[in-house]
Structures are given as structure tokens and as C-alpha cells.
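Enquirer:
2 protein chains.
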Amino acid sequence: MHTETSLHPFFAPLGIAVIGASQDPTKLGYGLARNLVQSNYQGVVHFINPKAGRLFGRPVLPSILDAPDPVDLAILLIPASAIPQALHDCGQRSVKAAIIGSGGFRETGPEGAQLEADCLRIARSYQMRLIGPNCIGLLDTHLPMDATFLPPPGPLPGDVAFISHSGAICAAVIDWARGQSFGLSRLVSLGNQADVSETDVLSPVADDPFTRVLTLYLEGVSDGARFVSEAGRITRQKPIIALKVGRFASGQRAVASHTGALAGQDRGFNAAFRRAGVIRAETSEEMFDWARALAWCPPPAGRSVAVLTNAGGPGVTASDALEANGMHLAELSDATRLALGAALPPAASLYNPVDMLASASPEQYALCLRILLDDPGVHAVMAILPPPPMYTAGAVAKAVIPVIHSAEKPVVFALMGERLIQEAVEHLRAARVPEYRFPERAASALAMLARRAEYLASADEPKQVCCGDAREQTSLILAGYRASPHQPGAFLPVETLERILTAYGIRTPASRLAVTAEQAAGIAPQIGFPVALKIDSPDILHKSDVDGVLLNLRDQAGVIQGFNQIMDRARFIEPPVKITGVHVQAMADAGQDVIIGAVQDQQFGPLVMFGSGGTEVEGLKDVAFALAPMTQEEADYLLVSTWAGRKLQGFRNMPPVDRPGVLDALSRVAQLAADFPELAEIEINPLRVLPAGQGAIALDSRARLMT
Amino acid sequence: MHTETSLHPFFAPLGIAVIGASQDPTKLGYGLARNLVQSNYQGVVHFINPKAGRLFGRPVLPSILDAPDPVDLAILLIPASAIPQALHDCGQRSVKAAIIGSGGFRETGPEGAQLEADCLRIARSYQMRLIGPNCIGLLDTHLPMDATFLPPPGPLPGDVAFISHSGAICAAVIDWARGQSFGLSRLVSLGNQADVSETDVLSPVADDPFTRVLTLYLEGVSDGARFVSEAGRITRQKPIIALKVGRFASGQRAVASHTGALAGQDRGFNAAFRRAGVIRAETSEEMFDWARALAWCPPPAGRSVAVLTNAGGPGVTASDALEANGMHLAELSDATRLALGAALPPAASLYNPVDMLASASPEQYALCLRILLDDPGVHAVMAILPPPPMYTAGAVAKAVIPVIHSAEKPVVFALMGERLIQEAVEHLRAARVPEYRFPERAASALAMLARRAEYLASADEPKQVCCGDAREQTSLILAGYRASPHQPGAFLPVETLERILTAYGIRTPASRLAVTAEQAAGIAPQIGFPVALKIDSPDILHKSDVDGVLLNLRDQAGVIQGFNQIMDRARFIEPPVKITGVHVQAMADAGQDVIIGAVQDQQFGPLVMFGSGGTEVEGLKDVAFALAPMTQEEADYLLVSTWAGRKLQGFRNMPPVDRPGVLDALSRVAQLAADFPELAEIEINPLRVLPAGQGAIALDSRARLMT
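Shown next as C-alpha cells:
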């Protein structure tokens, strides 16, 4: 992987200057100096403090300007007001990387923000990169280097890296992980991110050969597109799990479409994570549960799990939990059952879950586990171990570890209990076998392994689908629209949008605007009966809300009557709206109706929506989102995760319709949204999907430009 | 509460005989004798073994017949084959309660099942109650009495009882709880339930004054109706939390309606738990997380929570988690903010979450907590404590405990970390303040407290709604149907079902059967145009599946053409079906369509369903279930938890319709299902709900009797 070399000094410094190193144990500068020394960092350490003296057996220098080579990383723990001068000193000493641990910047208000901007300016003037301010630093347990000021003990060496927007969460995670005997590889606290962001550190952390899984605590991302591209590249090699908070802080802004209304609430993040292969955890425990499994287990070849237990109850719990997590119980082969039967007492259950009974010995655990792992229909095993009545759990753990290490399938343990299983916990952790207190969490970890394996097996790229000169034509159409008088933020005129859709290869029905009933009656036969009438107004959000749509008019009399009816009703709309006329439109053949929409997400750009359309979109919420343009996997996801998509293949008396036609229309709308970020919202509702081979028609659509 | 007195000896024995007490430490009879003695049980203990001798300083008697008074509970840990004779001995010694710990019964096959039946017969002949066989026994930490054979240590005394269908889960829970310093009050392992069931022990366990919360591990219930009634009575006093497994083991049986197809997958259990006020946990950890909060906290007056933290990140996590759990952040009063401002540094955040900054002292935690608890808009507080950089977490815990104890609002703690917060954990546990490692779990516990408070505030009973002589009339109608020739399990004839619905006060449209097109054309004007035509056949499950419905026919020519069209199409149905004719039916006015159904659940009897109807019911899955007949709360739940119910109040251009009319129809269907358990399935699809005040009409319906 490629890493920007300017971040190297943060992760492999030759010499570190601790500016503000202090002899006072209540100061952060003391804690950092202590951790650096105690963590056994092998590079050169310079303590800097105008008071000079000695600290941890080393001299304290009055200024960084006095520090001899090498010194490529400075860590600043002095009052905020003194930071700018210290950065100048660092710059003059040719230091290219600085961590500002001190607070007192943007987080305190406008003055602090100004100070932070000053610091960034100074750093840039020396080509110096900054982590922080207002962070607890970083550490690497393998280098080793603990450049945080947290109270000891630091984390154990491990395989999982943690990158965090919150320093307090870092402190909690280090302490919690230590208590769980769960090791970390690297940890980075990002603070205010004046310069270096979560996206910047992804590559340097992923490059660490000791890091097998990256975990992130995110409060947002600095640059959506860059995050997706960086993370997406990394997840092909190493899993990334993110705990993204702020889910319910809705990005409030005016929206005029169903798509816009539904796109809030974090849909953009979900779509971006899906694209980038980033696994989203809902809770911190889930994140680290999954991280252990992903760090230590080979990928399973499928979702069939064998459960090995010494008691019935936990086996049932495990079966439930596996089903709930989208896994299923493997069907064991006859050979497997025969082998199990030879190894177990007659009353044991040889079907999955395999219940060896309470008398199961360590040897039986090991033997049966090997038998299950040898069954080609078994992709993974969950072994369950409540405190065994006759043996110690520790002895069972010791017996199974060689079997697990020689297998190429994942095995996870549900060690149920606490004290009586403690020895087993320690054996398994030391052997890098994931163990969980309850089968539910073990099942969730297995499901994540399966998901990861499926992700690695899929490898498609977003497709450019359109569309010759579609983009050029649309540029011209939009230029024309902008040049003509129009209200900012209003919907594009129907004709304009129809031309754009046509340019992108999306079919629309024949349609013409009538301003009088007579004109409508004249147009109708040219279009061909039956026709639909639709009110046309730049001010009306949803035509059916004002009863502005009439369908299936079969003759001229009906058209005249319908026209007048629509216009009569429109007079009562409050507040009054401008009515441009009524569209006379060809009726489409029977089929299934869906909605396709696109909005520009503030973080991640164009986002496309698919689902059940009509007027109840926002009530039914049968919709799904993906980044635009889409990969094939994403397009499929939109269709399989919605009822609207699933029923395209037919349901009861509903005949199957043109699924490829929907996928095609979806990709075209996605491409349009990606090509024209100035289109704030596009929505086709309904898209009528016709029988197989006949494609789909955008029966009604709207779009507006950014204001 | 009422307890069946025959179970008293299990929970308050005066003297216990351990039959099979053994000097061999590898025997269960040794473990049980040890636990009984070491648990400091104050009653008389008799050890029984033909080998005689001494055990734990006491004599071993050769037979229970030799045991002097008092002896009212026998615990049997001898080989299965010896149990019948031992039970005879117990009966002759006037023992009225026996726990059979030994396995070798029903769980091993038909022979064991026979032996189990023999044991039950013997016990009954002496009016003796049985717990087990194949169980680990029971314990009471307050009596005290440990009548299990599990390896020590047993659980700490506590407030939460645990009743379990799995002995292995008991062992795991005891060990886990001990490791978590989490106390139990009583524990009952039920084993094979030859006699005493989970429902039988609810009352005796709830009667224990030390038990504040009951937790259950259930693999099923023995008698659904009795469980609902017993549990429902208890939950008015003490919460019950159940972990019900076997969720995905679908109760396979033939169903012919949408309702039947959707009613599988554990819907009956959910409806029964809702009725009984039993809280359903998805995981073991969730169950005990909730149990602690329910045991130790007062009920909150609402769902507004204040979050008190010393760092921003965990505050955001907490806000997210509260929202995700249906709670919301309290808006703090001006007075509260003023008081907080006086207590905290200027950079602190005085809005909710209240961020006191990393410098927060134990005194500030205590003071700010008191300020928040004094705010009338705050119903509960979540305090967050990552390892504080300047103080110990233990000092914070000590400072806040008096504040929490003097408050009448719940306070839960998110103690983030492990080693550095261990002292705080111990203080809070000893003070009965619920603490969790992560804000997500603390939020879930607060939500459960709110739900419990809401449950206690609601107190309605299932309503008998109908309906004069509805039941009598329907009995006659069904008797007539049974007396006439009919195919078992077929749908009731349309006319029969219409008469039943009419008896129960459910409106149906005017409708008559025609067997020729001419007859149909003659009926139509009598009913009044426009009319609908519907195929009539005992063999057709869903009429629209075979295009057997035509709507809105406006004249006789249309009716003739329609009749012929339906009959023509019907000829091609495979396999061929018997066509009785075509119904000519009045068209209903415009409104909203919903589905109402009822099925007989194997466990819990009549179950009523409500939701989005039409042909896509099973795809959209916008349905909810409740036991029939319903309480007002349950009827409301059906409407608010489905989109079909929510949109009854109007949505966009959809006008509001007669919500009370739907509730009325729902209760009537529920009553019908409850009155006639022989009705296997009833389904109205659609029920057309008319504008306010005009009620609802069953446009199409079907029902069939149990086969």
C-alpha cells in the first residue's frame, strides 16, 4: 500500500522531543515522558523544558533548538498560547511532524479556533504535519512506543489497531482491552484534526505488518470521497470496522423529494461504508468482538456452521443466534455422523448441534472438533463450553487448540461462565482463538467472518454506464435552463427534465402541455387514447397531493372534463400556486411501479435510492440507498433488500417484469447524478417496469438544481 | 400472591433427605451433600445411602425410611433404574416433594420416557410433587440453601431469581454471575418437567421477598394460557424477563391464509409476552443487564434522559444509543443550566449531554448529578465515566452514591474501561447502582426501565366486545355447516361466513351468487351498479391469484362480459378446481384497505393479526399480532406498529378514515376467534375502512375449521 511519506515520522520516529516534559507527576508532560521511557521506545528521546534539570535519568534540555540529531517528531504538551512559538522552534530544528496534545483550541470557542488556524499556518510554512491539537497522542505496541500521557498500564501487544476521534474513548478502550487481555497494535487519537485526519492515518496504520484489523471510532469523516477511496483500497487487504456515532444528528437541509426526505439519518454513511467494504458496528463491544474474529480466523467458505456442545440448552441458543445472524446449521455427512457415533456415548446427539453430553472429555472435544472440521459441508464451527461437570474447561481448551491451529476453517468458542472458565479463556486468547461469553456473540462474530469472506470474493468496480454524449447534451440543456428566467431551487420544467432523461437513455411517455381544455382534447388523439392528465406547476411538490393527476381518460369528452376538474381543484390550493397548464400523457402498459431517486449527500456526493414508490414512499420506507455510480453488487443489493425489488420477479398474480430494465434505469439515474453534482435531487416516481424485455418508463419525474 | 401450597417444601423445607449422598467426590451425590452443608442450610439434613458411614461429619442412613422427622423434601441422585423404588420409599415416609437430579429418562429415548412416566405415576399415587428429572436442583441464597450439585462457589445473595429449562445454562449463569459480582436470590433448574413446570414455579419464586426480578430461560411453555395468566398476575408486582429460545424452529403446519403464513416464527410468544407483561430479551447479557436496572432503580416518570459526562465522545455515543432505544435527551431548564454553570469551568457544555470536561472532580460529579436530578424535565440520568485523568473513578463513585440513593429517579452508570474503573464498579454494585461497560448497554437498560414504568401505568383487561347472541347464532350456523356435506378443512361457503360476520356485527357488502352470466346480469341492478364480480370456489386460496376478481362493472353488458371472462380463465387453472359460480357484489365507497386475520396458535390459542392487506401481505410483512380477545393497549399497538394503522389518520392525499371503526372490527374478529377455537383461520382481506363515522366493510373474507 502507498503511504504518504510525510506521516512516517509519526509512526517510525528516529528521535522524539517531548516539549513540556515535566517533573511534576500531575502534569501531562510527566505522563508522556514516563510512558515513552517505560514503553521501551528504542529511538532517541529528548525532554524539553526551560526549567531544564533531569527526568527519568535523562537530561532536560531548555529548548528543542539544543537537541542533537536525530529528532523528527515533536510532542507538545505546553499551554495553548505557547504552542505557536514552539512550532516555530520545531520548524527551525527541521522537525517535520508534531503532535499537539494540549487543549485550549477550537473546542473552546472562536479564539481557540483562531489559535488553531495560526498553528496550522505555522506548521505548513515549515512543511510540518500536525496531529491534534487536543488529543492524547499515539502508540505502537510492537515498535514499541507509547506516546500518550495516559496512566499505565498501556495496552498489550496485539493485532488490532484503533483510530479515534475521541481521546476519552481511547483511554477507555486501552483500559478495557487490558482488562480483557485483548491486545492492540497501534492506537491514534486524532483530536481536533487541524491537519491530519482519520483518512490520512488509514494507510500508515494499515501498512503496519502487525495490524491485522483496523477499528475506528468516528464522529464523521473529513472528506467523504477520499475516505471511501482510501478505505476501499485498504479493506481489500485488511478489514476495517467503524463505530460511527452521531447517527441521529440529522443533517438538516431543505429537501423537496421523497428521496431527500428519506436520505437523512445516516444513509450516506451506510452507503459509503458498503462501497468501501467498511464494516459498521453498532456498539463498541460488537466492534471488538468482530475484530478478534477477523484478526485471528481464516475466512469461511460459506455460511454452514457446526455447533459442538456438551449440553442441549446452549446448543439451542446457538442455533437461534446463528439463524438470527443469517448463518445456518450445516447438515452433517453420514461419514461425519458415523465417526461422531464411534467417539461418543449412545445418548449423544449426532445431528447438528452435536451434543456430546455433560460427560464430554477434553479428548472427545478435540476428536469431535476434528471430525466436524473434516466434513466438507461444514464451513465453520462454534464450540460451546459451559463449566464441564467432570473436567476443567482449561483442559478442554488445551486439547482443542492444536486441532484449531491445524484447521483452515474458523472455530470460535462460547465459553459460558466466568471463574470456572477463566483458565480456558487464557489458553484460547494466547492461542488466538476467539472466545465469547455467550453463544449470541460468537454467532455474530461467525457471521462477520462470512460477510468478510463474501466481500473479498466479490470485486467489482462502479460501472460507467452512459452514455455517449449524454453528459454533453445535458450540459447544454442545463445551460439553456440557467440562461432562461427561472426561480432558483424550483423544479426543472417537465420538458427540460424529459430531455435530460432521454439523453441518459431513460424512457418517458409521449406527453404535451395543454393550457386550455380544448387544446388538451386536441392533443389527446395525437398521443393516442387512453391518456393521463397531470397538472403542471413549478410550485407543486407532489401532484397527487393536490389531486392533480387523472388516469385512463378514454375520449375527448373525458379529457375536457378532466382538464376542467384539475383546474377547478387547483384554484383551492393554499397558498395559491402558479399553474402552467396540464400535461396530456400517454398511458403506459401494465407493470410494476417503483421509485428511483438521487440526492447529493453532503459527505459522500451522489446517493441513489430505489424502492416502493407511489405516494406512501415515506410511510412504507421500503427503500435502500447506494453511492452513485454503482457497482453491480450495490445495484443487486438495492433490489434484494427491498420488497419492491424482490417482487420484480413476480409474486402471486403479479407477473414478473423486466428486472434488467430496472437495473439499467437505476444505473442511468446514478450516472446522471454522478455527472451533475449540481442536480440537488432527481426522482422518478413511478418508474413503470414493463414485462420482461420491454424495459421501464419514467411515468413521472422531478429534479431541481442546488440553490 | 397465591402459591400452590404443594410446592412449599421445595422452597422452605424443614428437612431434606439426599438419596444417593456419596463419599466419592466424583459423584453428584457428593457435590449436593457438600453444597447443602456449605451453604449453611439451617434445616435438618439426612444423607441416605445403603453403604451408610459418615459424610461431612454426619451419619449416613441406609434408607429414607430410617430418617427421623422432619423430612419433607427428598433429592434423588441415584441411577435412573433405582428411582421408582426410591420414590415409593419417599412416599411411604410421607415426603411430599422430590427433586430427581439424575438423568437417564425421557432425554435418552422411549425407554427412558416410560421410566419417567412410571415415576410420575408413583409420585402422584402419594400426592408427591416432582422437580426434574435430569436437572441440577435449586438454590436460595437468602434462606440459605444450595440444593444443586454444581462445583463451588455458588452465587452471591442478590435480588434476581433465575428459572431455567437448561441445567447447563444454570451452571454457566451461576459462574458468570459470581464473576460479575452479580447476586441471585433463587435458582430453579427444571429438567424434563415430568411434573412441575416453569409456570408452576413462577408464583413460589415471585413470593420470595428477596426476589425483585424473575429471569427465565425458556425452551417453551407447558400450558400457554396458564403461563399468560400466572405471569401476567406476577408482572403487576415484579418484572419477569424471558430469554425464549427455539425462535426459528417453526411450528410447521398447513396454513391457508396470509395470517397463518405470517403467524409462524414465534409471533405467538411475542403476543403472549406482551399480554403478560413479560419482557423478552434477545441475549443472555441483555437479560441480566435489564434485570439489574429493574431490581435496583425506581421507575422513571418518562423517557427524557440527562447525560452527564467528562468527555465529548462518550456523550455522543450515549445520545445515539438513547435515541436508538426510543429515549430522548431531556431539555434542561434555565435554572439547571445556571446552576451547572456555577459549578463548572467556562468551557464546559451546559447543554445535554452535560460535558464537565476531563478535569471533573468527584465533587463536581456529585453536585452536577444532583442538579440534573432536581430538574423536573429530567426523568433519568446516565452518568458516564471513562477513567478520569486527574482523579480515581472509585472516588467519583463514592461521591455520587449518596446523591443517587436520595433521588427518586433512576441513575445508571457507563463505566468505560476495566482496570482503572474496577474500584468504581465495586462501589456501585455494593450500592445497587446499575453500571455497564459501554453507554449502549446503559441506554438499553434505561429504556427498559421506561417500558416497565409504562406497563405499570397501563392496566387494562381484555375486553369482551360482542355481541349479544352472536355466539349462539354462530354455533347454530356452524352446526348447520357441519351437518351439511362438506370437505374437511375447506373454506366455509361465502354465505356461511357472511352470516357469521354479520352475527358478530362485522359489515359485509350486499352480494349474491350467480351461476350463469344472465343470472349475474339480473342480480347486478338489484344490488346497484357499479358491481364487483368474484369467482366462488372452495378450492381457490386467493381469488386474485387466478384473476378471479373484476371490479367496477357499470352495466349489464359489462357484467355478462366479466362473468364469461372469469369463467373462461378459470378453465385454465391447474390443477382443475370446482367452480361454484360468481358472486355479484356491491362496490364499496373509497377508503383505505387493511387486513384483519385470526389463527389459533398451538401454544396460546387465538391470535389476531392486523396490517397492510391486498395481495402483497406476505411480501410487505407490515403486520402485527396480539392475543385475542385484546386489551385496548394491544389494539392500539397493532395500529401504531404498522404503517397500515398509522396511515388511517390520513397521509398526503389519502384522507383520514374511521380508526374507531377499525378497532371495532378488530375486536369483533378477535372475539369471534376467541369464542370459536374450532375456527382454524379467519381472514378479512381487504377490510375497506371508510371515512370517519362510516365504519368499515369486509370486502372479502375466508375462514375454515380445524381439520
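In the order they appear, the protein sequences are chains A and B. Under my numbering, the first residue of the first sequence is numbered 239, with each subsequent residue one higher. Under my numbering, the first residue of the second sequence is numbered 239, with each subsequent residue one higher. Yeah, the Cβ is synthetic: ideal placement off N, Cα and C, and Gly gets one too.
(1) Along the alpha helix (DSSP H) that carries N790(B), what are the first and last residues, could you check?
(2) Out of D446(B), S441(B), Q909(B) and E436(B), state which residue places its alpha-carbon closest to the alpha-carbon of Y455(B).
(3) Of all the CB atoms in chain B, is at least one closer than 8 Å to the CB of I811(A)?
(4) Could you check which residue in T497(B), L368(B), T734(B) and D572(B) has the C-alpha nearest to that of S427(B)?
(5) Just the chain B side, please: which residues come within less than 9 Å of Y629(A) by C-beta, in chain order?
(6) So what does DSSP say about L779(B), is it helix, strand or coil?
(7) Nearest to A652(A) by alpha carbon, out of V545(A), M525(A), G743(A) and L314(A)?
(8) Applying the criterion that 16 or more other CB atoms from any shown protein chain within 10 Å of the CB defines a buried residue, is S402(A) buried or exposed?
(9) At what residues does the beta strand (DSSP E) containing Y875(A) begin and finish?
(10) Using 8 Å as the Cβ pair cut-off and three pairs as the minimum, do the region 821-839 of chain A and the region 769-788 of chain A touch?
(11) Assuming G253(A) is part of the beta strand (DSSP E), what are its boundary residues?
(12) With 16 as the cutoff for other CB atoms within 10 Å, does P297(B) come out buried or exposed?
(13) Counting contacts by CB-CB distance shorter than 8 Å, is V333(B) in contact with chain A?
(14) Taking 8 Å as the threshold (beta carbon to beta carbon), is L658(A) in contact with chain B?
(15) Chain B partners of P393(A), CB-CB under 7 Å?
(16) Would you give the residue range spanned by the beta strand (DSSP E) that E520(B) belongs to?
(17) Please return the same chain residues whose Cβ sits closer than 7 Å to the Cβ of E520(B), not counting the five positions on each side in sequence.
(18) Residues in the region 845-856 of chain A with C-beta within 9 Å of chain B's C-beta atoms, listed in sequence order?
(19) Closest Cβ-Cβ distance between S488(A) and chain B: below 8 Å?
(20) If you follow the alpha helix (DSSP H) that I412(B) is in, where does it begin and where does it stop?
(21) Just checking: is the beta-carbon of W534(B) within a distance shorter than 8 Å of some beta-carbon in chain A?
(22) Am I right that A259(A) and I286(A) are in contact with their C-beta atoms under 8 Å? What's the rounded C-beta distance?
(23) Measuring alpha carbon to alpha carbon, tell me which residue in I834(B), T945(B), I472(B) and A556(B) is nearest D902(B).
(24) Taking only three categories from DSSP, how would you classify P297(B)?
(25) With distance defined between alpha-carbon atoms, name the residue in V459(B), T264(B), D445(B) and V616(B) nearest to R474(B).
(26) Going by DSSP, what residue range makes up the alpha helix (DSSP H) through K482(A)?
(27) Using a Cβ cut-off of 8 Å (strictly closer), state whether G550(A) contacts chain B.
(28) Using a Cβ-Cβ distance cut-off of 8 Å, determine whether R491(B) contacts chain A.
(29) Can you confirm whether the region 272-288 of chain B touches the region 338-346 of chain B when touching is taken to mean that 3 or more C-beta pairs between the two stretches lie within less than 8 Å?
(30) Measuring CB to CB, does E195(B) end up less than 8 Å from S441(B)?
(31) Can you pull the chain A residues whose beta carbon is under 8 Å from the beta carbon of K238(B), in chain order?
(32) What does a CB cutoff of less than 7 Å around D327(A) pick up in its chain, not counting 5 residues either side in sequence?
(33) What residues are listed by DSSP as bridge partners for K772(A)?
(34) Pull up the distance between the alpha-carbon of D262(B) and that of Y268(B), whole angstroms please.
(35) Exposed or buried, what is T497(B) when buried is set at 16 or more other beta-carbons lying within 10 Å of its beta-carbon?
(36) Is the number of C-beta pairs between the region 624-638 of chain A and the region 565-583 of chain A that are closer than 8 Å three or more?
Expert: Straight from the coordinates:
(1) That residue, N790(B), is in no alpha helix (DSSP H); its beta strand (DSSP E) goes V787 to L791.
(2) Of the candidates D446(B), S441(B), Q909(B) and E436(B), the one whose C-alpha sits nearest the C-alpha of Y455(B) is E436(B).
(3) So, not an interface residue.
(4) Taking S427(B) as reference, the option from T497(B), L368(B), T734(B) and D572(B) with the minimal CA-CA separation is L368(B).
(5) Within chain B, no residue comes near Y629(A); the closest Cβ sits about 11 Å away, beyond 9 Å.
(6) coil
(7) The candidate whose alpha carbon is nearest that of A652(A) is V545(A).
(8) buried
(9) Element bounds for Y875(A): not the beta strand (DSSP E) but the alpha helix (DSSP H), Q870 to V878.
(10) yes
(11) G253 to I257
(12) Classification of P297(B): exposed, given that the 10 Å Cβ count is below 16.
(13) no
(14) yes
(15) None at all; the shortest Cβ gap to chain B is about 11 Å.
(16) Looking at the DSSP string, E520(B) is not in any beta strand (DSSP E), and its letter there is neither H nor E.
(17) none
(18) S850, T853, E854 and E856
(19) For S488(A), the predicted structure reports a pLDDT of 39, less than 50, and the residue's modelled location is therefore unreliable. The matter cannot be settled from this model.
(20) G405 to G417
(21) no
(22) 6 Å
(23) I834(B)
(24) strand
(25) D445(B)
(26) Unbroken run through K482(A) is the beta strand (DSSP E), I478 to K482; no alpha helix (DSSP H).
(27) yes
(28) Confidence at R491(B) is low in this model, with a pLDDT of 48, below 50, so its placement is unreliable and no value can be given for it.
(29) no
(30) Here chain B covers residues 239 to 945 and nothing more, so residue 195(B) does not appear.
(31) There is no way to answer for residue 238(B), as the model of chain B reaches only from 239 to 945.
(32) S301, I302 and L303
(33) Beta-bridge pairing links K772(A) to V787(A) and H821(A).
(34) 6 Å
(35) buried
(36) Output reads no: the region 565-583 of chain A does not touch the region 624-638 of chain A.
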